[in-house]
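As structure tokens, the structure follows; a few thoughts come after it.
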Amino acid sequence: MRKFLIIAVLIATYSCKENTNKAKAEDAAVEVSAPEVKLYTFNGGTVMVNNLELFSQDTTYQGQTKEFADPFYVISHPKGNLMWDAGLPEGLIAMDEPFTDPSGAFTVSRKDSVVNQLERIGMSPSDIQYIALSHTHFDHSGHANVFKDATWLVQQSEYDFITSEESQKNNADNYNAIKELTKTQTLKGDHDVFGDGTVVIKSMPGHTPGHQVLYVDLAETGPVLLSGDLYHLYQNREHKRVPIFNYDVEQTFHSMTDFEALAKENNAKVYLQHSKEDFNKMPKAPEYLK
Numbered sequence: 146m147r148k149f150l151i152i153a154v155l156i157a158t159y160s161c162k163e164n165t166n167k168a169k170a171e172d173a174a175v176e177v178s179a180p181e182v183k184l185y186t187f188n189g190g191t192v193m194v195n196n197l198e199l200f201s202q203d204t205t206y207q208g209q210t211k212e213f214a215d216p217f218y219v220i221s222h223p224k225g226n227l228m229w230d231a232g233l234p235e236g237l238i239a240m241d242e243p244f245t246d247p248s249g250a251f252t253v254s255r256k257d258s259v260v261n262q263l264e265r266i267g268m269s270p271s272d273i274q275y276i277a278l279s280h281t282h283f284d285h286s287g288h289a290n291v292f293k294d295a296t297w298l299v300q301q302s303e304y305d306f307i308t309s310e311e312s313q314k315n316n317a318d319n320y321n322a323i324k325e326l327t328k329t330q331t332l333k334g335d336h337d338v339f340g341d342g343t344v345v346i347k348s349m350p351g352h353t354p355g356h357q358v359l360y361v362d363l364a365e366t367g368p369v370l371l372s373g374d375l376y377h378l379y380q381n382r383e384h385k386r387v388p389i390f391n392y393d394v395e396q397t398f399h400s401m402t403d404f405e406a407l408a409k410e411n412n413a414k415v416y417l418q419h420s421k422e423d424f425n426k427m428p429k430a431p432e433y434l435k
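Using my numbering, you'd call the opening residue of the sequence shown number 146 and step up by one each time.
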């Protein structure tokens, strides 16, 4: 009888261990299962830089010009959709000729609206739950007010900067571009948008007080980093050159160091948002529908 009891105990013990191991394996499977995150790239216009010297503290680019891309993005996550940046003002679409600013430094143009472009992926503004701008310069906030029903994810320092009395008076166009974004969530540092580490806003001040970049872990290709205006040119990334109009040069250098560490740690593909070469590498909206 004792022999049979021992055998029964052994069987029960083995069964419990097997069930425990199975449960642990199932838990592990859940932990490593990544959500389906996609990145859609759109054309927010073109910036012709007529005076590239503005983009370095020295005379490196003296006498040079360069055409910049000006994209915006939609990040699609099972928990919602985030728009990153908002291109140039949509008022440019109706203009017959590109617009040159009074200083002559920039000539800008835009050919298509955000509504038309979202239709290519079967979305409308109401499908965007969050909007985040790398910063509030005019070439990144163009159609922001279209998304007044979305939650604006903005660093507290950037919000204070752009909504200040001084900005409203001296940079009225920049302020007016975001003034209808009343559903705000102010941030003080990094922010995990969907709570699972796949879409993370990273605070990288310097270009403006609350400049930020975006980390996205894509289901198909892995981590990417969207640079905002931390870098405009690959030469600036290589040589750590800073535009003369940055808000804080030292902060910019610190952000560059943090950015490179983040890219290396995650083996992330870096996309410089104003680089035409990088813009051309990224698949555009209709390709996602095939």
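Just so it is clear, CB atoms sit at the ideal spot from N, CA and C, and this is done for glycine as well.
Proximity below 7 Å, CB of residue i to CB of residue j
i: G249; j: D215; result: no
i: Y275; j: L227; result: yes
i: H222; j: V194; result: no
i: K414; j: M401; result: no
i: P243; j: S254; result: yes
i: V358; j: G373; result: yes
i: L407; j: Y376; result: no
i: Q209; j: V387; result: no
i: Q380; j: G351; result: no
i: V345; j: I220; result: no
i: H280; j: H356; result: yes
i: M349; j: F390; result: no
Close Cβ partners of residue i (< 6 Å) along its chain, the five nearest in sequence each way excluded
i: E392; result: First, the residue type needs correcting, since residue 392 is Tyr and not Glu in the sequence shown. Closer than 6 Å at the Cβ level, and outside the excluded window around Y392, lie T353, P354.
i: M427; result: T186
i: F424; result: A214, P216
i: A170; result: Because the pLDDT at A170 is just 38, under 50, the model does not fix this residue reliably, and the point stays unresolved.
i: V394; result: V387
i: R382; result: Y376
Extent of the continuous beta strand (DSSP E) to which residue i belongs
i: F288; result: Looking at the sequence shown, residue 288 is not Phe but His. Segment: none, H288 is in no beta strand (DSSP E) and carries neither H nor E.
i: Q357; result: 357-363
i: Q274; result: Q274 -> no beta strand (DSSP E), and no H or E assigned at all.
i: N188; result: 183-194
i: E212; result: 211-222
i: L228; result: According to the sequence shown, residue 228 is Met rather than Leu. M228 -> beta strand (DSSP E) spans 225-229.
i: Q300; result: 296-300
i: P368; result: 367-371
i: Q330; result: 329-332
Host alpha helix (DSSP H) of residue i (start-end)
i: L263; result: 259-264
i: D341; result: No alpha helix (DSSP H) contains D341, which DSSP labels as neither H nor E.
i: L407; result: 394-411
i: F424; result: 421-426
i: N315; result: 310-315
i: N381; result: 379-384
Sequence-distant residues of the same chain with beta carbon closer than 8 Å to residue i, five excluded per side
i: P270; result: V259, V260, L263, V291, F292, D294, A295
i: T363; result: In the sequence as displayed, the identity of residue 363 is Leu instead of Thr. Same-chain partners within the cutoff: V182, K183, L184, V369.
i: N412; result: G367, P368
i: T204; result: E198
Own chain, CB closer than 7 Å to residue i, minus 5 neighbours either side, in chain order
i: A289; result: A231, I276, L278, A322, I323, L326
i: Q313; result: Y320
i: K429; result: T186
i: Y206; result: L197, E198, F200
i: K224; result: F339
i: F306; result: S312, T353, P354, G355
i: V175; result: In this prediction, V175 scores a pLDDT of 35, lower than 50, which makes its location untrustworthy; the coordinate-derived value is nonetheless stated afterwards. Taken in chain order, the list of residues that qualify is empty.
i: D318; result: F283
Contact belief for residue i with residue j at Cβ below 8 Å, rounded distance in angstroms
i: I371; j: W229; result: For clarity, residue 371 is Leu in the given sequence; the question names Ile instead. At roughly 6 Å, the Cβ-Cβ gap stays under 8 Å, so L371 and W229 are in contact.
i: K256; j: I273; result: No, K256 and I273 are not in contact; Cβ-Cβ is about 21 Å, not under 8 Å.
i: K409; j: E212; result: Actually they are not in contact, since the Cβ atoms of K409 and E212 sit about 30 Å apart, beyond 8 Å.
i: T329; j: Y304; result: 7 Å
Check: residue i C-beta below 6 Å from any heavy atom of the ligand NAP
i: P234; result: For the structure depicted, the ligand NAP is absent and the ligand set is empty, with no information on it obtainable.
When you compare the segment 220-238 with the segment 281-294, are there three or more beta-carbon pairs, one atom per stretch, that lie closer than 8 Å? yes
With three or more beta-carbon pairs closer than 8 Å as the criterion, would you say the segment 334-352 touches the segment 290-303? yes
For the pair the segment 245-265 and the segment 188-208, tell me if three or more CB-CB distances fall below 8 Å. yes
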